[in-house]
Every structure is written in C-alpha cells, then in structure tokens.
Amino acid sequence: MNAKSAPHLEFAPPAPPGQQRAWLIAGLAHLVLFMALGLATAWKTQPQTVQAEAELWSAIPQAAAPRRQEPPPVPQPEPQPAPEPKPVKPVKPTPPPPPAPDLAQERLDAQIALEKKKQQDKKKEEQKAAELQRKALEKQKKEAQEKADKQAAAKEKKELAEKALEKKKATEKAKAELDEKKRKQEQSQKAAQAKADDAQADALRKENLQRMQGMAGASGGPNASGAALKSSGPSASYAGRLIGRIKPNITYPGDVVGNVRAEVEVRVAPDGTIQSRRIVQSSGNKTWDDAVLRAIDKTEILPKDTDGRVPPLIVLGFRPLD
Numbered sequence: 098m099n100a101k102s103a104p105h106l107e108f109a110p111p112a113p114p115g116q117q118r119a120w121l122i123a124g125l126a127h128l129v130l131f132m133a134l135g136l137a138t139a140w141k142t143q144p145q146t147v148q149a150e151a152e153l154w155s156a157i158p159q160a161a162a163p164r165r166q167e168p169p170p171v172p173q174p175e176p177q178p179a180p181e182p183k184p185v186k187p188v189k190p191t192p193p194p195p196p197a198p199d200l201a202q203e204r205l206d207a208q209i210a211l212e213k214k215k216q217q218d219k220k221k222e223e224q225k226a227a228e229l230q231r232k233a234l235e236k237q238k239k240e241a242q243e244k245a246d247k248q249a250a251a252k253e254k255k256e257l258a259e260k261a262l263e264k265k266k267a268t269e270k271a272k273a274e275l276d277e278k279k280r281k282q283e284q285s286q287k288a289a290q291a292k293a294d295d296a297q298a299d300a301l302r303k304e305n306l307q308r309m310q311g312m313a314g315a316s317g318g319p320n321a322s323g324a325a326l327k328s329s330g331p332s333a334s335y336a337g338r339l340i341g342r343i344k345p346n347i348t349y350p351g352d353v354v355g356n357v358r359a360e361v362e363v364r365v366a367p368d369g370t371i372q373s374r375r376i377v378q379s380s381g382n383k384t385w386d387d388a389v390l391r392a393i394d395k396t397e398i399l400p401k402d403t404d405g406r407v408p409p410l411i412v413l414g415f416r417p418l419d
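Following this line, the structure appears as structure tokens:
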C-alpha cells in the first residue's frame, strides 16, 4: 500500500480479530474446568458411617439357654473426623505465547498515523497561513485608513488655505481699492491745494512785489504818518534771517557743481510752526533739493519778524555757496 491509497483506508473493512482474544477465552475455560474437578474430588473424600441390626431365628424350637452374661461393652473409640481435604490449587494455565506481530497491520497503522500527522501539520500550516493573511489584511486596512485620514486632513488643510488665501486676496483687493480711492482723493485734494497754493503764492508774490515797490517809492521820516511804509511786507532782513536759521541744518553729502538755487515755498502757522514745504523751482540737483527740505523739517519753527508777526506763506531761495 502506498501513500496514494491512504485516503481510502477509512472506508476499508475492519481487520480480522487477533489471536489474543481466542487465547484468553481458552484460558478462562480451562480455569473453570479445573475448579469443577477440585470441588468434585473434595465431595467424594468425606467419611460415611453405616449402622445395621440383625436377628437370628432357629428352625427347631429349643429351650432357651440361660442368659449369657455378656461382658460389658467395651466403649468404642469415637471416630475421628476425617481431615478436611486440602483445596486443590488451580493449575495456573500456561500463558499463551505472544502473537506473532502483524507486519501488515503495523505498516498500516504507521501509515495511518503518518497520514494523520501530515493532515494535522497541514491544518496547522493552513491555520498559520490564514492568521498571517488576516494580519496582513488588517495591516493593509489600517494603512489604507491612515492614508485616507492623511488625504482627508491634507484636503481639509488645502481647502482652509485656499479659503484663507481667497479671503486675504479679497481683503487686500478691498484695501487696495480703498487705498486707491483714498490716494485719488488725496491726489485730488493735493492738486486742488497745490493749485490754491500756487494762486495764493502768486498773489503773495505780487503783493510782496507791490509792497517792495511801495517801500522803494515811499518817502518820509520816522514820524511819517503815511500807511504805505507801515503796511509793507516783511522786513528786508527777514528772509536772510530765515535762511540763516535753516541753512545750518542742511546736511549734504558730496560737493555741488555750481552755485545752483532751489526755491522752496514754506507755509507757516501764526506761531511760526512750519506746516508744509515744497519745491517751487528745482535746482536741477535732486540731492540738494532733498537736503534743503530735510533742513526745513529739522528747523520746525521759524522766528517772528520785527513786528512780531510771521508771514503765513514765504518763498525762500537756497544756494550752496551763499
């Protein structure tokens, strides 16, 4: 029998019974027989006591003889009880010889055991493979879930970032529009203010020129009662005093080629505080123009004129070599 026919053994007819059972039955029968013989022998060895009486008669009647004096009966010894027979020891049956090994049955049993072990090992391997597959599926499922969670988190983060960016763009756009509107308004206001300042500056120049012309053509001494001299503009030295006050604050890096002139319009409050300044005529050198504007900002307050007043608007000229 080979391994290929092993799966069909479970449907084969049962093997013939061995000789052990037959030997066991024969031994028990002999034991019962010996015990019966022993009991029969013990029953026949018991002693038996037989008692009998007899009377004798003669054929011719005879005179009775005198009665013989019989001697007293000798007491007979009491019969001794027969010794009890010793029980017959049962003959111990000779154990049957061990049955000859059934090599075919042993090979069959070994093959069945081997096949059973193979099936058990195969079942264990299948269970182990199933467990490994289950763990692999669980790991794969866990990794897929983690990946999905990461993707969802990244998507949510991206959407939030896009919304924040859109909101920022909308805010910046609204701010830019507001700044542009404000810039245009300021530009328009500055243009209007510059136009008004130009008109006022022109009017002031004309007025100053007229006053200077009036001063040049006026006559009379200190006690003169005319209004021309008293109503004239700033004193002749006032512009020089202002330039002398501002010029020390000019910080100019480098040398200026030529004695260029920058004219600056300065708007002043009644207390002398400088409110604004602007270049009305550039010197052609932006560095010099910026240095003059910084010096005016640094001065902050202008001194009053000899009459205690400060002109609201004045044009000053600055040259680097003056």
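Take the position in the sequence shown, starting the count at 1, then add 97; the result is the number in my numbering. For each residue, glycine too, the CB sits at the ideal point set by N, CA and C.
Residue(s) in a DSSP beta bridge with residue i
i	result
R364	S373, L410
Q378	E360
I398	T370
F415	A359
Residues near residue i in its chain [Cβ-Cβ closer than 6 Å; skip 5 each side]
i	result
L418	N356
P408	P331
F415	A359, V389
G124	P190
Cα-Cα separation between residue i and residue j, rounded to whole angstroms
i	j	result
A388	K265	40 Å
P195	L134	29 Å
A336	N382	23 Å
R406	K278	39 Å
E181	A137	14 Å
L205	L211	10 Å
K101	Q216	Reliability of the predicted coordinates at K101 is poor, the pLDDT of 45 falling under 50, and the value obtained from them is presented with this limitation in mind. Spanning the two alpha carbons is a distance of roughly 14 Å.
A233	K247	21 Å
A261	L275	20 Å
A227	K214	20 Å
P345	E259	57 Å
K254	E263	14 Å
Q378	A296	15 Å
M132	P193	20 Å
Q282	D394	25 Å
S285	A249	52 Å
K238	L229	14 Å
K287	K303	23 Å
A241	E235	10 Å
K244	T268	35 Å
A201	K220	28 Å
A333	R280	41 Å
K225	A126	57 Å
A271	K252	28 Å
D199	A207	12 Å
D218	L130	54 Å
Supposed close pair residue i, residue j - CB separation, criterion 8 Å
i	j	result
I376	A392	So it is not a contact: roughly 13 Å between Cβ atoms.
P190	L121	That belief does not hold up - the Cβ atoms of P190 and L121 are roughly 10 Å apart, past 8 Å.
R364	L410	6 Å
I347	I371	Incorrect: roughly 15 Å between the Cβ atoms, too far for contact.
T384	Y349	7 Å
Where residue i falls, given that 16 or more other Cβ within 10 Å makes a residue buried
i	result
S380	buried
T55	Since the displayed the chain opens at 98 and closes at 419, residue 55 lies outside it and no answer follows.
E222	exposed
R118	exposed
S316	Any reading at S316 must be qualified, since the residue scores a pLDDT of 38, below 50, and its modelled position is unreliable; the value itself is stated next. Counting Cβ neighbours within 10 Å, S316 comes out exposed, since fewer than 16 surround it.
R231	exposed
D386	buried
E362	buried
Close beta carbons around residue i, own chain, < 7 Å, minus the five adjacent residues each side
i	result
P400	R338, R342, G369
K340	Residue identity check: residue 340 is Ile in the sequence provided, not Lys. Cβ neighbours of I340 beyond the five flanking positions: L413, F415.
A366	Q372
CB contact below 9 Å: residue i versus chain C
i	result
I122	No chain C is present in this structure, which holds just one protein chain.
Same chain only: Cβ atoms within 8 Å of residue i, ignoring 5 sequence neighbours per side
i	result
P257	The question names Pro, but residue 257 in the sequence shown is Leu. Hits under 8 Å: none found.
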